[in-house]
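S.K.: Have a look at this one.
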Amino acid sequence: MRFGLFFELSVPRLPDGRFAPGAEAKVYREAIETAVLADQLGLDSVWAVEHHFLEGYSHCSAPEVFLTAVAARTQHIRIGHGAVVCVPEINHPVRVAERCAALDLISGGRLDVGTARSSTWTELGGFGADPDETKKTWDEFVRVLPRMWTEDAFAYDGIGWSMPERNVLPKPHQQPHPPIWVTVTTPGTELDAADRGLGCLGVAAVTFGEQERRTAEYHRRIELCDPVGGVVTRSVTTQNFLYCHEDLDQAAAVGGAMAATFNLANSHLLWTREAYPTSAYQSLGNQATRQVKESGTPGERKPLPEGIAIGDPVRLLEELKRWRDVGIDGINFIVNTMDVVPHEAVLDSLRLFAAEVLPAFRSER
Amino acid sequence: MSTVAGGRLRLAGPLLSDPAASPVLVPGATVLQAVWELAGGRGADLLPPALAPTSPTLLTVVAIAASDSPIGAFTVAQVRLSCRAGARARALAISTAADGPAASLLARAWGFGPAEGVAPGPVRLERRYDAVTVTAPGLSVGLRDPSPLGTHDVQHVVGLHPVVVADGGLRLAQVELDIDVERAERGHPVLTDLDMARWGDERLHPALAVAASFVVGTLTLPALRFLLEPDRPL
Chain A
679 MRFGLFFELS VPRLPDGRFA PGAEAKVYRE AIETAVLADQ LGLDSVWAVE
729 HHFLEGYSHC SAPEVFLTAV AARTQHIRIG HGAVVCVPEI NHPVRVAERC
779 AALDLISGGR LDVGTARSST WTELGGFGAD PDETKKTWDE FVRVLPRMWT
829 EDAFAYDGIG WSMPERNVLP KPHQQPHPPI WVTVTTPGTE LDAADRGLGC
879 LGVAAVTFGE QERRTAEYHR RIELCDPVGG VVTRSVTTQN FLYCHEDLDQ
929 AAAVGGAMAA TFNLANSHLL WTREAYPTSA YQSLGNQATR QVKESGTPGE
979 RKPLPEGIAI GDPVRLLEEL KRWRDVGIDG INFIVNTMDV VPHEAVLDSL
1029 RLFAAEVLPA FRSER
Chain E
26 MSTVAGGRLR LAGPLLSDPA ASPVLVPGAT VLQAVWELAG GRGADLLPPA
76 LAPTSPTLLT VVAIAASDSP IGAFTVAQVR LSCRAGARAR ALAISTAADG
126 PAASLLARAW GFGPAEGVAP GPVRLERRYD AVTVTAPGLS VGLRDPSPLG
176 THDVQHVVGL HPVVVADGGL RLAQVELDID VERAERGHPV LTDLDMARWG
226 DERLHPALAV AASFVVGTLT LPALRFLLEP DRPL
């Protein structure tokens, strides 16, 4: 089981709705500090999303820049560029290949490349992208990126874009190229991943049972895959929140507030289907509310949702082992949202997690 | 930050004197939705405190027509703004007109209608081979070049209808229309006339055209379950 951080770089608003001067810089600075600590504590990866125009929710529109800063300050942790939006109106495929290769060189071969197609009308509409086409263009991206990284003379005549013969430079450090993942929100995308030999970068909450079924099918299918590149990434990760504290009630209060804030902000996004009727977006690409057990009496504090990594070390061990037991081999944690958790508390939570929880999984390797 | 001068929307609606206690099934209903992004403003400046904005805010014209309805024939036209009530996707109706024998009941039971004292105007929803158009005084909006969609591909967001309740207060009635879609189409939204002074607020203007849809199916006019206090933040 591998553990990573997952940054959206959300920025809190002032009561009047504005963003405080310096708020974005503070979020970026603290996220880099958190990533540096995660590297020192032995976590496995740090991922940064790519989102555009999502006020408050995510100001991470240039993740390759953020991740370059992380790569320059860390030694061992893998750098997750994920997910790159594989829509030509948003990112030209050549620029994606170039940026990823440069980041792989700077990080000394620590890059993982996540791919996605965006889920919100805010982003697709903002770039004038056609929602009906994004699945097709994503498929083109994942097939041409490995070629651009490995071929000295690359030409392409495709659906979403074309180019004459050129040598796309630089070439990545990892040979033949970095691992490629796909963000999985819509059920069935894990099969697209398996068929292409890609890793599953799960970001939507599902029950243990559903996750187990989908993971088993992924592993069955990937053994039959026709890989799009020279690397088959056999892995299913999921996303979770992390807040670890010795006191369970304190953990629930602080971590629960973080999770609730994230989920509320997520629900306020303008998903593509709400604006644009299409069969290409069947579900809301969100971290939906996890299953909550029924509470007994009115006014009783609701228990933490099952599977969520918020609590004391004992609870976290139990929940994370359940994810391992359904076939998950990696979890990427959201450790803060909109500054709900004070930065020092985020760092303390990570330290406690590394001291009390992480060793139980390291000993299994 | 772009803002709309003049503060929040002034909401008004009909008297909810006969709130729907049980659902009504309307077979053969047709529903047009035409969506634009709202220009020059943000929902946060416009919406009542109970609601949160989306970014961007969507301005949607919805038209519903039913000729074979157990409560009588009707045609409705409505202008809505996208929003959120807590974590839920909602559409705030900022103006509504209803026409036909069922118009009075639609207003009393579901808040489908103009504010008290505002004369209803004729509303027509016309389907042609290559276009669908809804017309009403100050409104002519439609869809052109329709192409087939799957019956589950169109999302109809739950509406919030401003209504006046017995104590004279204004509330937002949550109207959870359900449509069992038999046929769905998508096309380009067409805006020929939209007098926003008459249809909600003169400060509002549709900008980027997003999409239009047209569905045919069995419409369920629901029992009302929730009334929202617009001035109380959720």
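Just so you know, the sequences run in chain order A and E.
If you use our numbering, the first sequence closes out at 1043, no skipped numbers anywhere.
If you use our numbering, the second sequence closes out at 259, no skipped numbers anywhere.
Here a beta-carbon is modelled for each residue, glycine too, at the ideal position from N, C-alpha and C.
From a predicted model like this one, the values you see are computed outputs, not experimental measurements.
With 16 as the cutoff for other CB atoms within 10 Å, does His-177 of chain E come out buried or exposed?
M.R.: His-177 of chain E is exposed by the Cβ-count criterion.
S.K.: Go through the region 82 to 116 of chain E residue by residue and report every complete run of the beta strand (DSSP E) that reaches 3 residues or more, in order.
M.R.: The region 82 to 116 of chain E contains these whole beta strand (DSSP E) runs: 83 to 91, 99 to 110.
S.K.: Tell me whether the beta-carbon of Arg-1000 of chain A lies closer than 8 Å to the beta-carbon of Phe-886 of chain A.
M.R.: Yes. Within cutoff.
S.K.: Would you list, in chain order, the members of the region 993 to 1013 of chain A that have their beta-carbon closer than 9 Å to a beta-carbon of chain E?
M.R.: If the cut-off is 9 Å between Cβ atoms, the region 993 to 1013 of chain A has nothing near chain E.
S.K.: When burial is assigned at 16 or more other CB atoms within 10 Å of the CB, is Val-860 of chain A buried or exposed?
M.R.: Looking at its Cβ environment, which holds 16 or more other Cβ atoms inside 10 Å, Val-860 of chain A is buried.
S.K.: If we ignore side chains and look at the alpha-carbon of each, how far apart do Gln-853 of chain A and Thr-828 of chain A end up?
M.R.: Distance between the alpha carbons of Gln-853 of chain A and Thr-828 of chain A is about 9 Å.
S.K.: Any beta carbon of chain B sitting closer than 8 Å to that of Ala-134 of chain E?
M.R.: Of the protein chains in this structure, namely A and E, none is chain B.
S.K.: With a threshold of 7 Å (Cβ to nearest heavy atom), would Ser-120 of chain E be considered close to the ligand GTP?
M.R.: No copy of the ligand GTP occurs in the structure displayed, which carries no ligand at all.
S.K.: What residue range is occupied by the uninterrupted alpha helix (DSSP H) comprising Phe-744 of chain A?
M.R.: Run containing Phe-744 of chain A: 741 to 751, per the alpha helix (DSSP H) assignment.
S.K.: How about Ile-755 of chain A and Leu-781 of chain A: do their beta carbons lie closer than 8 Å?
M.R.: Result no, Cβ atoms of Ile-755 of chain A and Leu-781 of chain A do not sit closer than 8 Å.
S.K.: Check the Cβ-Cβ distances between Asp-220 of chain E and every residue of chain A, and say whether any is below 8 Å.
M.R.: Not an interface residue.
S.K.: Can you tell me whether DSSP reads Trp-224 of chain E as helix, strand or coil?
M.R.: DSSP places Trp-224 of chain E in coil when its eight states are reduced to three.
S.K.: Any beta-carbon of chain E closer than 8 Å to the one on Val-1035 of chain A?
M.R.: Chain E contact via Cβ: absent.
S.K.: For the beta strand (DSSP E) that contains Trp-725 of chain A, what are its first and last residues?
M.R.: Its beta strand (DSSP E) spans residues 723 to 726.
S.K.: Would you grab the beta carbon distance between Ala-134 of chain E and Asp-43 of chain E for me? Rounded to a whole angstrom, and I think it's under 8 Å.
M.R.: At roughly 5 Å, the Cβ-Cβ gap stays under 8 Å, so Ala-134 of chain E and Asp-43 of chain E are in contact.
S.K.: Grab me the residues of Leu-259 of chain E's own chain with a C-beta within less than 7 Å of its C-beta, minus the 5 sequence neighbours each way, in chain order.
M.R.: Excluding sequence neighbours, Leu-259 of chain E sits near Ala-75, Ala-110, Gly-111.
S.K.: Can you pull the chain A residues whose beta carbon is under 7 Å from the beta carbon of Asp-178 of chain E, in chain order?
M.R.: Those are Pro-955, Thr-956, Ser-957, listed as they occur along chain A.
S.K.: Give a yes or no on whether the C-beta atoms belonging to Arg-951 of chain A and Val-906 of chain A are separated by under 8 Å.
M.R.: For Arg-951 of chain A and Val-906 of chain A, no; Cβs fall outside 8 Å.
S.K.: Give the straight-line distance between the Cα atoms of Gln-969 of chain A and Trp-816 of chain A, rounded to the nearest whole angstrom.
M.R.: Reliability of the predicted coordinates at Gln-969 of chain A is poor, the pLDDT of 44 falling under 50, and the value obtained from them is presented with this limitation in mind. Each residue's Cα considered, the two are about 31 Å apart.
S.K.: When you compare only the Cα positions, how much space is there between His-770 of chain A and His-855 of chain A?
M.R.: One C-alpha to the other measures close to 19 Å.
S.K.: Run through DSSP, which three-state label would Asp-870 of chain A get?
M.R.: Here Asp-870 of chain A sits in helix by DSSP.
S.K.: Would you decide whether Ile-837 of chain A is buried or exposed? Buried here means 16 or more other CB atoms lie within 10 Å of its CB.
M.R.: Exposed: under 16 other Cβ atoms inside 10 Å.
S.K.: Do the CB positions of Pro-955 of chain A and Ser-238 of chain E come within less than 8 Å of each other?
M.R.: Yes.
S.K.: Assign Ser-945 of chain A to one of three DSSP states: helix, strand, or coil.
M.R.: Of the three classes helix, strand and coil, the one that applies to Ser-945 of chain A here is helix, per DSSP.
S.K.: For the beta strand (DSSP E) holding Gly-138 of chain E, just list the boundary residues, first then last.
M.R.: From DSSP, Gly-138 of chain E is part of no beta strand (DSSP E); its letter is neither H nor E.
S.K.: Anyone know if the C-beta pair for Leu-252 of chain E and Leu-202 of chain E falls short of 8 Å?
M.R.: No, the Cβ-Cβ distance between Leu-252 of chain E and Leu-202 of chain E is not below 8 Å.
S.K.: How would you write the range of the alpha helix (DSSP H) that Leu-715 of chain A sits in, first residue to last?
M.R.: Per DSSP, Leu-715 of chain A belongs to the alpha helix (DSSP H) from 701 to 719.
S.K.: Three or more C-beta pairs closer than 8 Å, one from the region 1029 to 1037 of chain A and one from the region 697 to 713 of chain A: is that the case here?
M.R.: Cβ pair count under 8 Å is below three, so no.
S.K.: Under a three-way DSSP split, which group does Cys-677 of chain A fall into?
M.R.: Residue 677 of chain A falls outside the range modelled here, since chain A spans only 679 to 1043, and no answer is possible.
S.K.: Which one of A:Leu-719, A:Cys-738, A:Gly-734 has the shortest CA to CA distance from Glu-727 of chain A?
M.R.: The identity of residue 727 of chain A in the sequence shown is Val, whereas the question assumes Glu. Measuring from the Cα of Val-727 of chain A, the nearest candidate turns out to be A:Cys-738.
S.K.: Straight-line CA distance for Glu-227 of chain E to Ser-120 of chain E?
M.R.: Distance between the alpha carbons of Glu-227 of chain E and Ser-120 of chain E: 12 Å.
S.K.: Between Pro-809 of chain A and the rest of its own chain, which residues show a CB-CB distance below 7 Å, the 5 nearest in sequence each way excluded?
M.R.: Around Pro-809 of chain A: Leu-802, Thr-950, Tyr-954, Thr-956, Ala-958, Tyr-959.
S.K.: Of the residues E:Ile-96, E:Gly-65, E:Arg-33, which one's Cα is nearest the Cα of Pro-52 of chain E?
M.R.: When only C-alpha atoms are compared, the closest one is E:Ile-96.
S.K.: By the three-class DSSP mapping on this structure, what secondary structure does Val-992 of chain A have?
M.R.: It is helical.
S.K.: Using a 10 Å radius around the Cβ and a threshold of 16 neighbouring Cβ atoms, would you call Gly-963 of chain A buried or exposed?
M.R.: Residue placement at Gly-963 of chain A cannot be trusted, given a pLDDT of 46 that sits under 50; the coordinates are not used to answer.
S.K.: What residues from chain E crowd round Gly-695 of chain A, counting only those whose CB sits closer than 7 Å?
M.R.: Correct list: Ala-69.
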